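Participant: Quick one: this structure, given as structure tokens, is what I'll be asking you about.
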Ligand code: DAT
Ligand code: MG
């Protein structure tokens, strides 16, 4: 009953900095299952769908620009309570204050830009996961 799937993205900063392997290693060490994985260069339309909830916020345009700056690695990840579990591995949104030991806390920091470049995305609910998986794995 608690087996779930979630969408994980290694965002353009993670790919560009060569951190995909280190991030995947943490996911695999935690014991979650990779169901599908692909490199995606998203167009604006895909990102508008993905980030619809943030439309109109001050960081929305910089967020889309950042996400179009290079490819992301999209991962369909499965496991018991994986939605909550991956967000715990990722750490909180702001990489400066994300706890050490988390992906964002260990590898991320504030670069003084209009958008937080925080290396990864993880769906935040079953509803979001289903919606986002359909956007990235069409
Ligand atoms: P999360 O990625 O932790 O689920 P979110 O869904 O609230 O965070 O926001 C999506 C992304 O937008 C986030 O990963 C980085 C960016 N972002 C969010 N809040 C921000 C802020 N206050 N300033 C700059 N960028 C922000
Ligand atoms: Mg979010």
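Numbering (this note's numbering), first residue to last: 27 to 164. Glycine included, C-beta positions come from ideal geometry on N, C-alpha and C. Remember, predicted model here, so these are calculated numbers, not experimental data.
For the candidate residues 156, 133, 44, whose alpha-carbon lies nearest to that of residue 96?
Facilitator: 44
Participant: Could you check if residue 120 belongs to the surroundings of the ligand MG, using beta carbon to heavy atom distance under 7 Å?
Facilitator: no
Participant: Is the beta carbon of residue 146 closer than 8 Å to that of residue 125?
Facilitator: no
Participant: Please tell me whether, using a cut-off of 7 Å, the distance from the CB of residue 39 to the nearest non-hydrogen atom of the ligand MG is below it.
Facilitator: Residue 39: no, Cβ never under 7 Å from the ligand MG.
Participant: What does DSSP give as the partner residue(s) for residue 63 in the beta ladder?
Facilitator: 101
Participant: Does the Cβ of residue 37 have 16 or more other Cβ atoms within 10 Å, making it buried, or fewer, making it exposed?
Facilitator: buried
Participant: Please tell me whether, using a cut-off of 7 Å, the distance from the CB of residue 141 to the nearest non-hydrogen atom of the ligand DAT is below it.
Facilitator: yes
Participant: Leaving out five residues on either side along the sequence, give the residues of the same chain with a beta carbon under 8 Å from the beta carbon of residue 107.
Facilitator: 28, 30
Participant: Pull up the CB-CB distance for residue 158 and residue 76, whole angstroms please, since I reckon it's below 8 Å.
Facilitator: 6 Å
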